[in-house]
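Data block below; observations after.
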Amino acid sequence: MAQNSGTSSGQGTQSEAPSAEGRIPETRGSGSPARTPDETSQGKTTIAASVVQKIAGIAAREVSGVHAMGGGVSRAFGALRDRIPGGTGTSSTSGVQVEVGEKQAAIDLDVVVEYGASIVDLSRAVRRNVINAVERMTGLDVIEVNIVVNDIHLPSDDEEETTQPAPSRVE
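FYI, in full-length UniProt numbering the residues of the sequence shown are 1 to 171.
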């Protein structure tokens with residue numbers, strides 16, 4: 001197996017095939033170990049993958065034209081979770097998966113766009129905003145942001161959700 005200069009010896013053995021050039025070991029979701037982007041003689045800073053995931057989710061939602069994040073199932077569970085009092089409220093990470101290494105991060109986003117928005121321009125804006133936010137806040141080098149457009153939100157979808165049943169004509 002080829003040596004990867006970006007891995008540290010204290011991380012244990014990984015049972016995955018060698019990754020493609022430029023990719024980092026897979027670490028997805030909030031249960032992954034923290035990584036160290038900054039180590040000095042005065043100490044080290046560790047940033048959990050869940051922090052990168054949350055930053056990326058917030059940055060993606062800031063772009064005008066992004067209606068929601070996540071696939072249909074994750075959006076349904078997120079809506080249900082938001083209605084439960086005292087729920088964990090992980091909606092800021094819905095539709096966001098990250099791979100975090102010692103100095104780099106790769107981000108995958110699932111988005112729903114507003115009808116009429118240019119998907120090409122929107123994805124460029126989302127990618128730029130996510131890269132800027134993650135790099136500025138964490139110091140990690142974002143090597144890629146992959147965006148999957150799962151759906152298009154139509155204005156008529158809002159009307160169906162907000163339409164209330166007609167009042168009864170008889171008492």
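Positions of the beta carbon are idealized from the N, C-alpha and C atoms, including for glycine.
For residue i and residue j, I'd like the C-alpha separation in whole angstroms.
i: residue 93; j: residue 131; result: 16 Å
i: residue 136; j: residue 103; result: 13 Å
i: residue 46; j: residue 55; result: 15 Å
i: residue 170; j: residue 157; result: 30 Å
i: residue 120; j: residue 144; result: 16 Å
i: residue 68; j: residue 48; result: 24 Å
Once the 5 residues before and after residue i are set aside, which same chain residues still bring their CB inside 8 Å of it?
i: residue 115; result: 152, 153, 154, 155
i: residue 146; result: 106, 107, 108, 109
i: residue 66; result: 60, 111, 112, 113, 114, 122, 126
i: residue 134; result: 52, 55, 56, 59, 105, 107, 140, 142
i: residue 129; result: 59, 60, 62, 63
Which same chain residues end up closer than 6 Å to residue i when comparing Cβ atoms and leaving out the 5 residues on each side of it in sequence?
i: residue 71; result: 110, 150
i: residue 117; result: 65
i: residue 53; result: 93, 96, 98
i: residue 148; result: 110
i: residue 124; result: none
Are the Cβ atoms of residue i and residue j separated by less than 9 Å?
i: residue 126; j: residue 63; result: yes
Buried or exposed: residue i, going by 16 or more other Cβ atoms within 10 Å of its Cβ?
i: residue 22; result: At residue 22 the pLDDT is 49, less than 50, meaning the model places this residue with poor confidence and gives no usable figure here.
i: residue 138; result: buried
Given residue i, which residues of its chain have a CB within under 7 Å of its CB, disregarding the five upstream and five downstream residues?
i: residue 41; result: none
Length-filtered (4 minimum) alpha helix (DSSP H) runs lying within the stretch 118-161 = 119-138
message = Suppose only complete runs of 4+ residues qualify. What are the alpha helix (DSSP H) ranges in the stretch 41-74, listed by chain order?
response = 49-61
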